[in-house]
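Letter by letter, the sequence shown follows residues 1 to 183 of the UniProt record's numbering. From the three backbone atoms N, C-alpha and C, an ideal C-beta is built for every residue, glycine too. Working notes for the structure below.
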Amino acid sequence: MSDCARTTLRLRLAARYAELRARLERMVGSRDAAAEALQETWLRLGGGAQTGGPVHNPDAYLLRMAANIATDAFRRDSMLVSDSEREALLHIADEVADPARIVTARRDLAALEAALAELPPRRRAILAAARVDGLLNSEIAERFEVSVATVKKELQQAMKHCRERLSDTQAVQDGSLTGRRKF
1 MSDCARTTLR LRLAARYAEL RARLERMVGS RDAAAEALQE TWLRLGGGAQ
51 TGGPVHNPDA YLLRMAANIA TDAFRRDSML VSDSEREALL HIADEVADPA
101 RIVTARRDLA ALEAALAELP PRRRAILAAA RVDGLLNSEI AERFEVSVAT
151 VKKELQQAMK HCRERLSDTQ AVQDGSLTGR RKF
């Protein structure tokens with residue numbers, strides 16, 4: 001569709017806005033939805049909406065375009081959670097936060113903190129840079145002025161130390177300390 005045709009359609013939409021909105025409102029059942037769909041139609045026409053050929057019936061074309069936009073918006077909005085549904089979800093009891101799990105998590109955290117405290121300072125800092133800051137091995141090597149191989153070795157030794165210290169806790173059984181990172 002040429003720029004001239006799009007401009008003509010935009011002018012037609014502006015001139016017949018009230019009639020098109022009333023017809024679209026009857027189709028979609030909402031004045032606001034009709035107005036929003038016509039606004040989006042206006043924007044799309046300004047942005048270079050394409051057709052397969054010349055438009056023979058501008059009013060029908062504009063109405064169909066707006067109806068399609070309204071239908072797409074309805075489908076998109078129907079996939080969202082309403083405020084009342086969101087409120088209901090907030091009041092569902094969290095099964096994960098039972099007292100036994102809280103105690104286990106606190107014990108695991110204390111054991112991990114103790115294991116980390118036992119690491120040499122550089123090894124602990126390299127582990128934190130990798131696992132907490134999410135840095136790549138090459139970035140860590142540059143920061144600590146060591147080779148990438150040294151970073152890998154320090155990470156392996158730090159992970160081995162933590163696994164050994166936590167072998168009697170649930171953390172290792174769950175596999176939470178064995179996850180792989182991107183290098």
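Quiz item: Considering only residues of the same chain and omitting the five flanking positions on each side of PRO121, which have a CB-CB separation below 7 Å?
Solution: As a position in the sequence shown, residue 121 is number 121, starting the count at 1. Excluding sequence neighbours, PRO121 sits near nothing in its chain.
Quiz item: Pick from ARG75, HIS161, ASP108, ALA88: whose alpha carbon is nearest that of ARG124?
Solution: Translated into the one-based positions of the sequence shown, residue 124 becomes position 124. For ARG124, the closest alpha carbon among the candidates ARG75, HIS161, ASP108, ALA88 is that of HIS161.
Quiz prompt | Rounded separation between ALA37 and ARG6 - CA only | solution = As a working note, residue 37 is residue 37 in the sequence shown. As a working note, residue 6 is residue 6 in the sequence shown. As the crow flies, the alpha-carbon of ALA37 is around 17 Å from that of ARG6.
Quiz prompt | CB-CB length for residue 184 against ALA34, believed under 8 Å | solution = What the structure shows of the chain is the stretch from 1 to 183, and residue 184 is not part of that stretch, so it cannot be assessed.
Practice problem: May I have the straight-line CA-CA distance separating ALA171 from ALA111, to the nearest angstrom? | Solution: The count along the sequence shown starts at 1 and reaches residue 171 at position 171. The count along the sequence shown starts at 1 and reaches residue 111 at position 111. Its pLDDT being 45, under 50, ALA171 is placed unreliably by the model, and nothing is read from it.
Practice problem: Ignoring anything shorter than 4 residues or poking outside the UniProt domain "RNA polymerase sigma-70 region 2" (19-77), list the alpha helix (DSSP H) runs there in chain order. | Solution: Entirely contained in the UniProt domain "RNA polymerase sigma-70 region 2" (19-77), the alpha helix (DSSP H) runs reaching 4 residues are, in chain order, 31-46.
Quiz item: Alpha carbon to alpha carbon, how far is VAL28 from ARG86?
Solution: Within the sequence shown, the letter at position 28 stands for residue 28. Within the sequence shown, the letter at position 86 stands for residue 86. Taking the straight line from one Cα to the other gives about 26 Å.
Quiz item: How long is the line joining the alpha carbons of GLU142 and ILE126, rounded to whole angstroms?
Solution: Taking the first residue of the sequence shown as position 1, residue 142 is located at position 142. Taking the first residue of the sequence shown as position 1, residue 126 is located at position 126. Looking at the two C-alpha atoms, the distance is approximately 11 Å.
Quiz item: Roughly how many whole angstroms lie between the Cα atoms of SER138 and ARG131?
Solution: For the purposes of this step, residue 138 is identified with residue 138 of the sequence shown, where counting begins at 1. For the purposes of this step, residue 131 is identified with residue 131 of the sequence shown, where counting begins at 1. Our two residues, SER138 and ARG131, have alpha carbons roughly 14 Å apart in a direct line.
Exercise. Would you kindly check if the distance between the Cβ of ARG31 and the Cβ of GLU40 is under 8 Å?
Key: Here the question's residue 40 lines up with position 40 in the sequence shown. Here the question's residue 31 lines up with position 31 in the sequence shown. Taking the C-beta atoms as reference points, ARG31 is found no nearer than 8 Å to GLU40.
Quiz prompt | Those runs of the alpha helix (DSSP H) which lie wholly inside the region 78-129 and span at least 4 residues | solution = Qualifying alpha helix (DSSP H) stretches, in chain order: 83-90, 99-118.
Exercise. Kindly list the residues whose CB is nearer than 7 Å to the CB of LYS152, restricted to its own chain and excluding five residues on each side of it in sequence; keep chain order.
Key: On the sequence shown, position 152 is the one that residue 152 refers to. Sequence-distant Cβ neighbours of LYS152 in its own chain, meaning closer than 7 Å and more than five residues away, are ASN137.
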